[in-house]
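Colleague: Supplied in structure tokens, the structure appears directly below.
There are 2 protein chains.
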Amino acid sequence: MATKAHPWSQDEREAALRRCPLFACWPEVRIAELAAIARAEFYPRGTEIFAHDPERREAFVIASGEVEVSRGSAEGKKFVLGINGAPQILAIVRLLTDPPIRYDYRAYEESVLLHLPADGLAAILDAEPMLWRDVALLMCARHGDSLRLLGDHNLGSLDQRMAATLVDLARIHGTAGGPGIELGLRLPQEQLGAMLGVTRQSVNKLLRGFEAAGLIAIYYNRITIRDPAALDAIAEGGD
Amino acid sequence: MATKAHPWSQDEREAALRRCPLFACWPEVRIAELAAIARAEFYPRGTEIFAHDPERREAFVIASGEVEVSRGSAEGKKFVLGINGAPQILAIVRLLTDPPIRYDYRAYEESVLLHLPADGLAAILDAEPMLWRDVALLMCARHGDSLRLLGDHNLGSLDQRMAATLVDLARIHGTAGGPGIELGLRLPQEQLGAMLGVTRQSVNKLLRGFEAAGLIAIYYNRITIRDPAALDAIAEGGD
DNA sequence: TCCAGTCTGTCATCCTGCCGACAATCTGCT
DNA sequence: AGCAGATTGTCGGCAGGATGACAGACTGGA
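Protein chains in written order, with my numbering: chain A, 65 to 303; chain B, 65 to 303.
And the structure:
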């Protein structure tokens with residue numbers, strides 16, 4: 065198998081965990097305990113993260129890299145829920161839902177992840193129950209995000225959904241680059257299509273339209289947002 | 065305004081709250097505290113629940129009736145997330161997300177709700193932080209549900225989505241009735257369409273198809289599931 | 001520098017579900 | 001019983017997006 069344990073010291077693991085928003089306000093002791101149960105793993109680009117054991121109950125923190133969350137269908141179609149970067153924690157929902165969630169996690173770029181086994185994590189939380197509050201708040205926020213997405217997909221036109229998706233991506237992966245917000249992410253049209261639930265060809269046409277309107281700029285794989293406000297307007301209700 | 069306070073004693077409020085799964089294992093004291101801050105309200109069929117104040121931060125427990133959760137678009141389209149019945153707690157996500165969630169809650173049938181203001185609820189939870197754990201677990205389950213729905217909507221054909229929706233409705237609102245599972249719910253095709261993101265006409269055709277295949281029986285507004293297993297099979301991947 | 005693999009641009013065609021319309025049917029209420 | 005309003009059944013025409021195909025462009029590594 066291509067993945068392998070990443071040789072990180074306790075201190076390095078602590079540092080990586082502390083950058084994750086969920087743990088930002090946690091006491092030193094708990095962070096240390098977390099780091100003690102955390103297992104650092106390296107994943108080359110494209111690797112399935114729970115490939116070896118789809119039932120495994122673990123959350124993970126992204127120390128570096130990008131992780132794609134997606135779900136496949138029997139017919140070979142794929143839906144991409146999102147592409148998540150550096151200090152996020154993912155797969156919390158795997159710890160608790162029964163039957164386990166049906167999404168796959170894949171290293172979209174070369175990544176280092178800190179795996180947190182369910183039982184160890186639960187023990188730490190139970191030792192200081194107020195920390196469950198932070199988990200509840202995080203789940204609430206995530207739930208809110210997925211509800212918004214669900215509504216957008218059922219109500220909006222393709223234009224709107226694409227504009228919304230670009231704005232979202234800009235918020236997560238965007239870096240202010242001279243003439244606009246540059247998405248620091250290779251983003252093939254196929255990928256964008258899988259996020260929108262449409263084909264590559266449809267994305268192509270629409271993307272060209274956006275470019276012609278001066279909303280975005282395209283360099284092969286990469287997109288720069290030229291006019292975030294206009295995109296927002298389209299995403300909301302503008303035609 | 066058509067809604068009005070419902071004259072319930074502390075004991076009646078406690079009894080209603082105790083039936084809600086979230087509070088099932090909570091200590092007596094906390095239930096009493098909850099009941100003390102709870103405000104019982106009566107809503108005639110069709111009433112908007114937060115109409116008076118869309119910003120209001122309150123969760124509510126359904127004591128009786130049915131509540132529809134939906135979101136409208138500027139173009140007049142509507143997406144129905146679900147129809148929830150008796151001992152469920154709803155709108156938790158309203159307490160915490162910022163900006164507030166964009167879904168509307170409406171009494172789909174005449175209902176009595178117990179409103180739980182955010183600050184009071186938070187105080188009770190903070191007094192016994194282990195209860196936050198229950199909230200986290202609930203949010204996790206709900207999040208799992210919405211993720212499944214999101215995937216289904218993006219991957220499946222209309223047949224599959226409709227089968228899945230009927231199975232879901234049967235699980236929540238179904239009562240074993242002689243020759244199958246009877247949905248104890250009036251369910252116009254327009255409504256089903258709003259849940260699936262398609263028009264009434266499409267629903268009509270498909271529903272007739274299902275009936276012809278012996279999967280369901282239709283009496284005007286009401287549907288009876290005749291063959292749950294076959295519906296499940298369709299929902300999964302069988303075409 | 002070259003090559004294999006990936007990604008893009010663009011067709012023509014097909015198909016699913018939308019739209020608007022209208023008659024028939026059912027319900028709850030008076 | 002009778003009526004208003006809600007719900008269903010069913011068209012034909014239309015549109016947006018899917019499909020399959022293919023040439024050309026770009027990339028990263030040997």
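Every residue gets a Cβ at the ideal spot worked out from N, C-alpha and C, and that includes glycine.
What residue ranges within the region 66–138 of chain A form continuous beta strand (DSSP E) runs of no fewer than 3 residues, ordered along the chain?
Modeller: Taking only runs of at least 3 residues, the beta strand (DSSP E) segments lying wholly in the region 66–138 of chain A are 103–107, 122–136.
Colleague: Rounded C-beta distance between L219/A and K68/B? I'm assuming under 8 Å.
Modeller: That belief does not hold up - the Cβ atoms of L219/A and K68/B are roughly 33 Å apart, past 8 Å.
Colleague: For the alpha helix (DSSP H) that contains R212/A, what are its first and last residues?
Modeller: 194–219
Colleague: Where do the ends of the alpha helix (DSSP H) carrying N268/B lie?
Modeller: 264–276
Colleague: Can you pull out the residues from the region 212–230 of chain B whose beta carbon lies closer than 8 Å to at least one beta carbon of chain A?
Modeller: Residues passing the 8 Å Cβ filter: R212, L213, L214, G215, H217, N218, L219, G220.
Colleague: Run through DSSP, which three-state label would G261/A get?
Modeller: coil
Colleague: Tell me whether R250/B sits in a helix, a strand or coil according to DSSP, three-state version.
Modeller: Reduced to three states, the DSSP call for R250/B is coil.
Colleague: Closer than 7 Å, Cβ to any Cβ of chain B: which residues of the region 196–208 of chain A, in chain order?
Modeller: W196, R197, V199, A200, L201, M203, C204, A205, R206, H207, G208
Colleague: State yes or no: is the beta carbon of M65/A nearer than 8 Å to at least one beta carbon in chain B?
Modeller: With a pLDDT of 45 at M65/A, under the threshold of 50, the modelled position of this residue cannot be trusted; read the value that follows with caution. Not one chain B Cβ lies under 8 Å of M65/A.
Colleague: Can you give me the start and stop residues for the alpha helix (DSSP H) that L185/B sits inside?
Modeller: 182–191
Colleague: Would you say I298/B reaches chain A, if we count a Cβ-Cβ gap shorter than 8 Å as a contact?
Modeller: Under the Cβ criterion of 8 Å, I298/B is not counted among the residues facing chain A.
Colleague: Within 8 Å of any Cβ in chain A, is that where the Cβ of G140/B sits?
Modeller: no
Colleague: Could one say the Cβ of T161/A lies closer than 8 Å to chain B's Cβ atoms, at least one of them?
Modeller: yes
Colleague: Can you find the residues in the same chain that come closer than 6 Å, C-beta to C-beta, to I41/A, ignoring five residues on each side of it along the sequence?
Modeller: As shown, chain A starts at 65 and ends at 303. That puts residue 41/A outside it, with no answer to give.
Colleague: Does DSSP put A155/B in a helix, in a strand, or in coil?
Modeller: coil
Colleague: Using a Cβ cut-off of 8 Å (strictly closer), state whether G257/B contacts chain A.
Modeller: no
Colleague: Within 8 Å, do at least three Cβ pairs link the region 238–257 of chain B to the region 282–297 of chain A?
Modeller: Judged by Cβ distances under 8 Å, the region 282–297 of chain A makes no contact with the region 238–257 of chain B, as fewer than three pairs qualify.
Colleague: Report yes or no: is there a C-beta of chain A within less than 8 Å of the C-beta of A157/B?
Modeller: Before going on, a small fix: residue 157/B reads as Val here, not Ala. V157/B counts as touching chain A.
Colleague: For chain B, check one thing: does any of its Cβ atoms lie closer than 8 Å to the Cβ of G146/A?
Modeller: With 8 Å as the cut-off, G146/A does not count as an interface residue toward chain B.
Colleague: For the beta strand (DSSP E) containing A240/A, list its first residue and its last residue.
Modeller: Run containing A240/A: 238–240, per the beta strand (DSSP E) assignment.
Colleague: Measuring only the C-alpha atoms, how far is P71/A from R212/B?
Modeller: 36 Å
Colleague: How many whole angstroms separate the CB atoms of S137/A and L145/A, which I take to be in contact at a CB cut-off of 8 Å?
Modeller: About 14 Å separates the Cβ atoms of S137/A and L145/A, ruling out a contact at the 8 Å cut-off.
Colleague: Is it buried or exposed, R158/B, if we count other Cβ atoms within 10 angstroms and call 16 or more buried?
Modeller: buried
Colleague: Please determine, among E78/A, D168/A, D232/A, D223/A, the residue with the shortest C-alpha to C-alpha distance to A96/A.
Modeller: E78/A
Colleague: List the DSSP bridge partners of V176/B.
Modeller: Its beta-bridge partners are F106/B, S128/B.
Colleague: So, is A104/A buried or exposed, given that buried needs 16 or more other C-beta atoms within 10 angstroms?
Modeller: buried
Colleague: Around the C-beta of A297/B, are 16 or more other C-beta atoms found within 10 angstroms, so that it is buried, or is it exposed?
Modeller: exposed
Colleague: Would you mind telling me which residues of chain B sit closer than 7 Å to P15/A, beta carbon to beta carbon, in chain order?
Modeller: The question about residue 15/A has no answer, for chain A in this structure spans 65 to 303.
Colleague: Under 8 Å, Cβ to Cβ, is there at least one residue of chain A near F143/B?
Modeller: Interface with chain A (8 Å Cβ-Cβ cutoff): F143/B is included.
Colleague: Which word fits M194/B, buried or exposed, when buried means at least 16 other C-beta atoms lie within 10 angstroms of its C-beta?
Modeller: exposed
Colleague: Between G184/B and chain A, is any beta-carbon pair separated by less than 8 Å?
Modeller: no
Colleague: Among L202/A, L185/A, I126/A, F274/A, whose alpha-carbon lies nearest the alpha-carbon of Q224/A?
Modeller: F274/A
Colleague: Measuring from the CB of D291/A, is there a heavy atom of the ligand GTP at a distance below 7 Å?
Modeller: With respect to the ligand GTP, the structure shown offers nothing to examine, as it has no ligands at all.
Colleague: Can you tell me which residues form a DSSP beta bridge with N148/B?
Modeller: Answer is V131/B.
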